[in-house]
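In our numbering, the protein residues as written are 57 to 385.
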Amino acid sequence: MQSKIIRSAIIGVTALTATLAGQAFAQDDYPSQPITLVVPFSAGGPTDTVTRLIAEPMSEVLGTQIVVQNVTGAGGTLAATQVANAAPDGYTVFIHHIGMSTAPTLYRSLPFDPLEAFQTIGLVTTVPMTIIARPDFEPETLAEVIDYVKANQETVTYANAGIGAASHLCGMLFMDAIDTQLTTVPYQGTGPALTDLLGGQVDLMCDQTTNTSGQIKAGEVKAYAVTTQQRLDSLPDLPTADEAGLEGFNLGVWHGLYVPAGTPEPIVQELSAALQTALQDENVVARFAELGTAPATQEEATPEAHAELLAAQIELWRPIIEAAGVYAD
Ligand code: ASP
């Protein structure tokens, strides 16, 4: 009996040693195949744009292809659920934004806990948003927009990328600030929403500068305000929302990279180092500036700083969302 236990213990130890050796081998070898980088919104939108810009230099550093995959729906939570259940082997990486911190309060039955299901890799960038409208929308200033939507709230439409998207969050704060509810039109991302706004199918939107800068500079949309507290070098004539009448309004869309929890630490460190290098890439720095944003600092692009930010942001947004009373099932 005893020898049987000892024998199975020995088999167990041997199996464990083999697994650990296999894991060490896998890590030394990492990456030995293409990496899938999941984007939770449509191709061509702001999150997708940021992702594709950093994917190229990251892929060079890692020495493997990075395949960007757009998994849309439910304000980014469908993609998050898929990645939370993926193998923790470093071959599925996820980019998500501020929505990772608002989803736990917005969704009554979220199938994952952001703090438990994911391992943070590092912050990528914090992107300002802009309040914009279709080109022939009557109001010329944010103050006029506020008066107009209050007088026409039954007919004015607001585009967003689903509950949990940054465009949803911005709209929620805006409507709350002016005490007016608008009809929202949900999209799979603000890429297609912007197309409809340009075509006049929807009136208003609040979206990241990484999607709207080109159209604002070209005068193809009406732009009223930037949602962060400083004017942008790339759009110096655009007032801040605070200057334009929404006192204290401040919203920046931070984006971070994640892998499923349980991913081996050496892989997490390797991905984080690749992100840090990518954020110093000349093309990334220049394109981010054109698009009204800047790379995260090297310190912010660490797993630890990103984990701290995520936890703090979940706490920050909970009471605000609860006060607004907006939920999804
Ligand atoms: N980031 C989303 C997108 O890429 C939009 C949003 O969060 O509102 O489409």
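We treat Cβ as the ideally placed atom computed from N, Cα and C, and that holds for glycine.
- At least one heavy atom of the ligand ASP falls within 6 Å of the beta-carbon of A222.
- Excluding five sequence positions before and after T333, the CB atoms of its chain that fall closer than 8 Å to its own CB belong to P113, M114, V117, given in chain order.
- By the beta-carbon neighbour count (other beta carbons within 10 angstroms, threshold 16), Y86 is buried.
- Between the C-alpha atoms of A215 and K278 there is a straight-line separation of about 15 Å.
- The count of Cβ pairs closer than 8 Å, one atom from the stretch 238–247 and one from the stretch 90–103, reaches three, so the stretches are in contact.
- Sorting G227, T181, P184, A130 by C-alpha distance to the C-alpha of I202 places G227 at the top.
- Annotation note: the stretch 162–205 contains the following uninterrupted beta strand (DSSP E) runs of length 3 or greater, listed N- to C-terminal: 174–189.
- As a beta-bridge residue in DSSP terms, A281 pairs with I187.
- The continuous alpha helix (DSSP H) containing P102 extends over residues 102–118.
- Taking G255 as reference, the option from Q271, L347, T266 with the minimal CA-CA separation is Q271.
- Cβ-Cβ separation between P359 and T176: approximately 5 Å, consistent with a contact (criterion under 8 Å).
- Following the DSSP letters along the chain, one finds V309 inside the beta strand (DSSP E) bounded by residues 308–316.
- The C-alpha of A342 lies about 42 Å from the C-alpha of E210.
- Looking only at V212, L179, A173, the smallest Cα-Cα distance to A189 is reached by V212.
- Annotation note: the stretch 209–240 contains the following uninterrupted alpha helix (DSSP H) runs of length 4 or greater, listed N- to C-terminal: 222–234.
- Note on E356: 16 or more other CB atoms within 10 angstroms of its CB, so buried under the neighbour-count rule.
- Within its own chain, the residues whose Cβ lies closer than 6 Å to the Cβ of F150, once the five positions on either side in sequence are excluded, are V94, V139, Y314, listed in chain order.
- The beta-bridge partner set that DSSP reports for M261 consists of I188, A215.
- Judged by DSSP secondary structure, Q286 falls outside any alpha helix (DSSP H); it is assigned neither H nor E.
- A199 sits exposed, since fewer than 16 C-beta atoms from the chains shown fall within 10 Å of its C-beta.
- Secondary structure of F344 (DSSP, three-state): helix.
- Distance from the CA of T197 to the CA of T284, rounded to the nearest whole angstrom, comes to 17 Å.
- For V324, the enclosing alpha helix (DSSP H) covers residues 321–334.
- DSSP places T268 within a helical segment (H, G or I) once states are collapsed to three.
- Residue pairing by DSSP places T296 opposite V282 in a beta bridge.
- A direct Cα-to-Cα measurement between A143 and P316 gives close to 7 Å.
- In the pairwise beta carbon analysis, the stretch 257–274 is classified as touching the stretch 217–226: at least three pairs are separated by under 8 Å.
- The C-alpha of L250 is placed about 17 Å away from the C-alpha of I219.
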